[in-house]
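Here is the structure we will look at, set down as structure tokens.
Numbering (our numbering), first residue to last: 1 to 209.
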């Protein structure tokens with residue numbers, strides 16, 4: 001009985017870190033894997049997956065994080081191919097202490113964390129580092145009517161329209177994000193295709209390039 005108990009604990013821990021769910025991509029999950037053309041955890045530096053859970057979108061991110069310093073990773077959703085007026089799902093990984101998951105808004109020159117919206121719309125969030133990879137996720141409640149107007153207007157309605165995807169990372173200093181690079185190795189990844197996240201859309205489960 002004791003051996004079975006510990007086996008169950010180990011199985012649960014392993015499951016908690018399998019955020020990529022590659023076998024589900026294109027079937028019950030949408031997936032975006034980077035760099036373009038990669039296909040698994042060994043060849044991909046970044047993987048983003050999403051699936052519907054009731055009235056929520058279960059969103060999970062995995063990224064290489066070799067640096068020992070505090071870092072953040074962010075998944076942006078934009079109505080166009082340019083950064084600015086974007087909704088961002090971001091994860092913070094301090095060098096000490098507990099990680100965290102937030103929603104934020106990207107303007108053209110700055111980013112603002114939406115603290116109230118994060119607490120109301122995100123549940124069962126986690127942010128962990130395992131074997132040099134950052135892993136995070138949450139269930140994102142899609143009905144934003146419960147959010148106050150000052151933050152509600154800064155969140156895109158994911159169940160409507162198409163979105164271009166961005167992925168970026170940068171330093172975290174005393175809990176504050178430092179801007180990512182705009183060019184070169186540290187600049188954001190951008191999807192070629194746009195994505196629909198509505199529950200009834202078959203394209204919501206596509207493998208994005």
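Ideal placement from N, C-alpha and C gives every residue a C-beta, glycine not left out.
Assigned with DSSP and collapsed to three states, residue 70 falls in coil, not helix or strand. By the neighbour-count criterion, in which 16 or more other beta carbons inside 10 Å mark a residue as buried, residue 114 falls on the buried side. Inter-segment contact for the segment 196-206 and the segment 158-175 is present: three or more beta-carbon pairs are separated by less than 8 Å. Annotated as distal: residue 110 and residue 83, with beta-carbon spacing of 8 Å or more.
Secondary-structure assignment with DSSP links residue 170 through a beta bridge to 72. Contact between residue 26 and residue 152 is absent: CB atoms are separated by about 32 Å, not below the 8 Å threshold.
Secondary structure note for residue 116: its alpha helix (DSSP H) is the uninterrupted segment 115-121. Straight-line measurement puts the Cα of residue 31 at about 20 Å from the Cα of residue 128.
The segment 67-81 and the segment 138-154 do not touch, with fewer than 3 CB-CB distances between them shorter than 8 Å. For residue 131, there is no enclosing beta strand (DSSP E), as DSSP marks it with neither H nor E. Taking C-beta atoms under 8 Å as the contact rule, residue 91 and residue 61 qualify, at a distance of about 6 Å. Shown here, residue 155 sits in coil according to DSSP, grouped into three states, outside any helix or strand. By alpha-carbon distance to residue 121, the top candidate from 94, 136, 108 and 155 is 155. DSSP links residue 87 through a beta bridge to 77 and 105. Following the DSSP letters along the chain, one finds residue 34 inside the beta strand (DSSP E) bounded by residues 30-34. Taking C-alpha positions only, residue 29 is separated from residue 191 by approximately 17 Å. Look at residue 124 here: in three-state DSSP terms it is strand. Relative to the Cα of residue 50, the nearest Cα in the group 36, 145 and 22 belongs to 22.
Membership of residue 191 in the beta strand (DSSP E) is indicated by the continuous run 189-196.
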